[in-house]
Every structure is written in structure tokens, then in C-alpha cells.
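Colleague: To convert, note that position 74 of the sequence shown is 74 in full-length UniProt numbering; the numbers rise steadily by one, no gaps.
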Amino acid sequence: MMTMEKDLKHIKYVWVDAICVDQHPDRRKKTIYRMSDIYKCATFILAVPDLHSAFLKSTMTKFADIIDDAGRYGEDLYHLIHGNVDHLFAIEEKFLDDIGVPNELVLRKLLFEYTDYFVKGFVNDTVHCALYNDVKTLNHIYETSQISSLASATDSLNIMGGGDPMIDYGRRDYSMVAGNGNNDALKDLHYCAQADCPLTSFERHSNEMKCREAHHRWRNQEANGEWQHKIIERNNCIRQTMEFLMDLIKDWSSRVWVISEYSIAKENNNLKYWFMQIKLAPWTMVASDDIQDFTFFRFTFDDHLPSVKPSLKLSLSDMMSHTVYGNFHSTMKSQLNPQSFLEMILLSKASKNEDRFYAILPQTYYRNLFYSNTDEDQWNTSTLLLVKFKLYEIMNTKDRLTLLLWSIGIQRGSQLTFPTFATSALPPLNFNPDLLTHDPANHPCNFDLTDPSSVMFHHNKNEDDEDVEDAGTLFSYISVKPLSYYVDDTFNIRGKNGISLKQEKALLRRLDIRTEHNDGHSRRLDYVCIPAFGLKTMKQYPGASCCCVYLIGSFSSRKWVLLKKPGMIWDIVRLIFRRVSNDDHTGAIFNIY
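Right, here's the structure in full:
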């Protein structure tokens, strides 16, 4: 298909990862080490989110059915995703011809304008009456069209002298204006003897109580008819396929190499995408003009949804994202939105953890660090925990602090899991890391981000530890030096925000914290809160109050562990805790294990 695509058919050289990357471990590593350079040289980057569609078909019958349906309606999907509503309208006219819908202007206008089964329903968002029923409406259009056809034929017979003179086949019985008379356009199109005509529910109106009563009378009836079944089938196939494509996009866009590729594509705005399910069908070979105009889908990195391209008059509402067309492109936009460095490297999917570094580092502030070090094996990390350790080693102070703050949102159970500052799981990132450096003059951070010692990582691997998963976790810690912190002098270790006796004993043993002074008196553990921002920033940005690190440990030993956030707001914390300015004289350093 690339040989037919308008922009790609003249390109002589194509790089395909699945073919060009030698999977031998050593050769693969050397290739992917320079993968970003390959993509930066590309004229276009073509993404195929369903490249594994053959595998999907073999795994579930439902997937196979959806993919086959995509092939049946490939031309419809092609023009729908492109937003070519004129082409789609012409396809739908031909579809109605093929399934035997009478070529009557009024009938087709009712189908196109008062149902969501066609291009207007795919692209526009219509606020229906609360009890609008699309199947009931379609059946009603079908039934009245049959009556109209019968009456029209009978009128012709009467004119020619045929028919039963004792039977009135005229339209008087069917001349009652549909529904509540709230829509003049509908009056001109549709005359109906049914007082609860479902067409009147297509839009909101003042007399919806009648619709509710009619709905209860009809709700147990089944759809019937002939050509309307084929209309419903087409609608279901297209909508189901579009939803399936959106699911594929979500999965595809979360892969670490894909994140790398669309990050590169953003620089040149040269990302195209295609779906294998939209097969090379006869419609691409009908005429030379079709072939010349054939293009893959183009994603543009801007803040707007792509516009449809109609001469057909379609009004696009602000709620367009609820439609098939709008929802699809909104999904593309949200999935390919810029992410922070840590989100790209930690929330992505990767078959090998080393790929996280190979794919993401060259697209970030750390690209020089990546290329200047020729030791490729240094990125070989077997677990996500070790990935975080490596990040703490190479990142700047801001990113180290961001990763630490990110870890405070983790749900912590009854057991203390070490290291508490870098567990394997991560919740969604719920704050903007750029706030740390947004306005240092007026809204400073509570850490000196120009001082590397403000957040330092210390990784001392235990050579006697044979457990790779736990290697070095006992001896690894983060040391933080905030500008100020808060101490709870009335902390109850068994209270709501404390820990159990079992946890306390494990903590004291693990960190080797002595519980007695030299004079023999017992010593309790301390409880502190370290906010990421100063008071002024907390007031200006309410979300900043969530970025607080809560620690339990010992000032004398400087050993601490991260605790879950307490169930109290920042204003309460300020009342309970005592603020301490951490100047050079105080010099408190918190070593978090």
C-alpha cells in the first residue's frame, strides 16, 4: 500500500523495525543504541497500531469478527477517519441503493437527518430527548415508508380505475402531523397517524412526558423489518471497529519505542498511521484519481481536533468528542500528548528494561549523557526497581525530587517494603513537575535545586546478597536536605498516622536504630513532614499541598522511612506540626531507606 500512498510512493528506502533489527542479543543492542538516529533521518514515520492483527484474530473469535467487519467497511472507515464527509455521504447513498431502500427524497432525508446511523450521526453530536430510541425510530421510518408506498400505489390504481371502491386508500388516515409539532422541518417531511411518533424525540422538546409514556409501551417490542436490519448492522460494525481501533491505539501508544518515535515525529510533524484492518480493497482501484489521492492518516501535533472536510452542511458542536469521529481523534490526541521524562520511561511498556533508556534518553535533556558513555551494558537493568535506582544515579536534582514525590502516593500496606522511596509500582502522576521550577523568585521550591546534595542517592550493593531483586535495597537510601521541615511533637506512634508494634520492631531492627539513650531512658521515634514548596506557593497553587513527604525515624541516627500521606489537609498539618528552618546551623539531613 505504501507504493500507492500519495506522499510515500516515491520513497526508495524503508526501515521496518520488525525486519531490520537483528534479534541476536549483541547485534540488537548495537542497533537499538542508535535507533533514534535512524528515526530522526526519516522523511515520514509510519505507525501501524494493529500490525499484530493476525495474532489478534487467532486469539479471540470476537477480535476476528471485528477485524473482518473492518475489511467489509474499509472504504467507510477510511473516509470517516479522514473526515471526508462528502465521500462518506456518497458511499451511504450507494449503500441504501444496494440494500433496496426506495430512492425517495423524503425517506432518505429522514434516514440521514433524524437517525444516528449515517455520516451526520458519526460526525455530529446531537442532544436527543432523554428517551430517544434509535432502533424504534428506524423501524418507524421503515413502517411509514411501507405505508406511503402502498398508499401511493393504490392512488395510482384508483386514478386508472382500479382498486376497491368500497375501501378508502387515500392518505387522510395518515395525515396527522407527527408528534408534538415542535419541529417545522419534520412536519414538511413526515406525516403520521401515530401520536407518539418516535421521530419527535430526535431532539429535545418541551413535551417529553408523552415520549416517556410511549417509551414504556414500546420497550418490550423487538425490532422488525428488512432493510433497516442492514442499516443497523452497518452502524454496529463501524462503531464497534472504531472502538476497537481506539483500544489498539491506547495499547500501542504506551510502548516505550512508540513513545520515542512519536516524540521524534513531533519535531518534524511527520507522523502518519494506518490500520491493517482497512484492507487494500477494490475501491482503491476504481480509477486513477482514487489511487492518486490515496493517503494514510496524518497526525498533527497541535491543540485542535482535525476538522472535517465537507461541502455538505454539517454543524460541529463543542461536544463533538462524544461522536465516533471526535472520540477517535480525541483518543489519538490524548494518547500522543507530551509526557514528562519520568512518565515516558516508567509508565511505558517495554519487553526489556534496557529499552527504556535506549528509547527515551536520546529524546530528553539526558541525551548527551547517553551518547557520551560507550558502555552499553550500564543500562542493563533486570527489574523496574533497578531502573529507578539507575535514574536516581543519573538524574538532576529536580527529577530526583520528582521521583521521590511521585512515590508518596503509593498505597502502602501493613508491611514496610524497602526501599520505601522506590517501590516497584507507581500511581498516576498527579502533579506537574514543572511547578518545581516555575517561578523560583516568587514561588520557590523548598529545596535548593541548584545544589546536588539537596537530593542525593546512595547505592551500596551488598556483595553477600544473592537475591537480585533485593540486591542493595538494605544499603540504598536517598538523603534529602530541605530548606525547612515540620515536626509533630505530639506524635502518637500507635495513632491514626502511626505504625503498628510489629512494624515498629521491624523498622528498628532493619535500620539498626537504638531505642535507648545512654542514660537508659527509652526514646520514641520522630515524625516529620517535608513539603516540596514554601507557604506562599502552597496558597497560590492548592495542588502543591499534596506534595509533602511524611517520614518516621530518628533525628539522632538520621535514618527514616517514607510513610503514607495522613488523612488531613495542609492547614491542619500547619497547626499540629512545628516548623523548623533548616539553615546551615541546623543542617538536618534525612536519609530515607
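Every residue gets a Cβ at the ideal spot worked out from N, C-alpha and C, and that includes glycine. All values derive from a computational prediction rather than experimental measurement.
Tell me, please, which residues DSSP counts as bridged to Lys272.
Modeller: Its beta-bridge partners are Leu46, Arg298.
Colleague: Since I believe Ile45 is in contact with Tyr39 (beta carbons under 8 Å), could you give me their beta-carbon distance rounded to a whole number of angstroms?
Modeller: That pair is a contact at about 6 Å.
Colleague: For the stretch 522 to 533 against the stretch 489 to 500, do three or more pairs of beta-carbon atoms, one drawn from each stretch, fall closer than 8 Å, so that the two count as touching?
Modeller: Yes, the stretch 522 to 533 is in contact with the stretch 489 to 500.
Colleague: Going by other Cβ atoms of all chains shown within 10 Å of its Cβ, with 16 needed for buried, is His10 buried or exposed?
Modeller: So His10 counts as exposed.
Colleague: Mind the definition here: the stretch 62 to 69 touches the stretch 227 to 244 only if three or more C-beta pairs lie below 8 Å; say whether that holds.
Modeller: Output reads yes: the stretch 227 to 244 touches the stretch 62 to 69.
Colleague: Beta-carbon separation of Pro433 and Ser340 under 7 Å?
Modeller: Yes.
Colleague: Got a sec? Which residues, its chain only, sit under 7 Å from Ile249 by beta carbon, not counting five neighbours each side?
Modeller: Once the five neighbours on either side are set aside, the close Cβ partners of Ile249 are Pro49, Thr331, Met332, Gln335.
Colleague: Name the one or two DSSP bridge partners that Phe590 has.
Modeller: Phe590 pairs with Val480.
Colleague: My parser needs the alpha helix (DSSP H) runs of 4 or more residues fully inside the stretch 12 to 64; what are they?
Modeller: Counting whole runs of 4 or more residues, the stretch 12 to 64 contains the alpha helix (DSSP H) stretches 17 to 20, 25 to 33, 35 to 40, 53 to 59.
Colleague: DSSP state of Arg367, grouped into three classes?
Modeller: Of the three classes helix, strand and coil, the one that applies to Arg367 here is helix, per DSSP.
Colleague: Taking 8 Å as the threshold, find out whether the stretch 441 to 453 comes into contact with the stretch 393 to 404 through three or more Cβ pairs.
Modeller: Because the criterion of three Cβ pairs below 8 Å is met, the stretch 441 to 453 and the stretch 393 to 404 touch.
Colleague: Considering only the alpha carbon of each residue, which of Cys20, Tyr541, Ala588 lies closest to Arg558?
Modeller: Measuring from the Cα of Arg558, the nearest candidate turns out to be Ala588.
Colleague: In terms of DSSP beta bridges, what is Tyr550 paired with?
Modeller: Cys529, Leu563.
Colleague: For Lys349, write down the residues that DSSP places opposite it in a beta bridge.
Modeller: For Lys349, which the question treats as bridged, DSSP gives the partners Arg255.
Colleague: Could you give the residue range of the beta strand (DSSP E) that holds Phe457?
Modeller: From DSSP, the beta strand (DSSP E) with Phe457 extends over 455 to 458.
Colleague: Do Val256 and Ala422 have their beta-carbon atoms positioned less than 7 Å apart in this structure?
Modeller: Against a cut-off of 7 Å, the Cβ pair of Val256 and Ala422 comes out as no contact.
Colleague: In three-state terms, what does DSSP make of Ser424?
Modeller: Looking at Ser424 - three-state DSSP - the assignment turns out to be coil, as it is neither helix nor strand.
Colleague: Let me know the secondary structure DSSP gives Asp377 once reduced to three states.
Modeller: Helix.
Colleague: Quick check on DSSP: helix, strand or coil for Arg524?
Modeller: Arg524: coil per DSSP, three-state reduction.
Colleague: Return helix, strand or coil for Val487, following the three-state DSSP convention.
Modeller: The answer is strand: DSSP assigns Val487 an E or B state.
Colleague: If we count the other Cβ atoms within 10 Å of its Cβ and call it buried at 16 or more, is Ala265 buried or exposed?
Modeller: Ala265 comes out buried.
Colleague: For the pair the stretch 495 to 513 and the stretch 548 to 566, tell me if three or more CB-CB distances fall below 8 Å.
Modeller: Short answer: they touch.
Colleague: What is the DSSP secondary structure of Arg578, counted as helix, strand or coil?
Modeller: If DSSP states are grouped into helix, strand and coil, Arg578 belongs with the strands.
Colleague: Would Gly534 and Pro444 qualify as a contact pair, given that the criterion is a beta-carbon distance under 7 Å?
Modeller: The answer is yes: Cβ separation under 7 Å.
Colleague: According to DSSP, simplified to helix, strand and coil, what is Ser311?
Modeller: For Ser311, the predicted model reports a pLDDT of 45, less than 50, meaning its position is unreliable and no value from the coordinates is stated.
Colleague: Could you tell me how far apart the beta carbons of Tyr485 and Ile592 are, in whole angstroms, since I believe they sit closer than 8 Å?
Modeller: At roughly 13 Å, the Cβ-Cβ gap does not stay under 8 Å, so Tyr485 and Ile592 are not in contact.
Colleague: Is it buried or exposed, Arg356, if we count other Cβ atoms within 10 angstroms and call 16 or more buried?
Modeller: With 16 or more Cβ atoms within 10 Å of its Cβ, Arg356 is classed as buried.
Colleague: How about Asp116 and Asp134: do their beta carbons lie closer than 7 Å?
Modeller: In contact: Asp116 and Asp134 (Cβ atoms closer than 7 Å).
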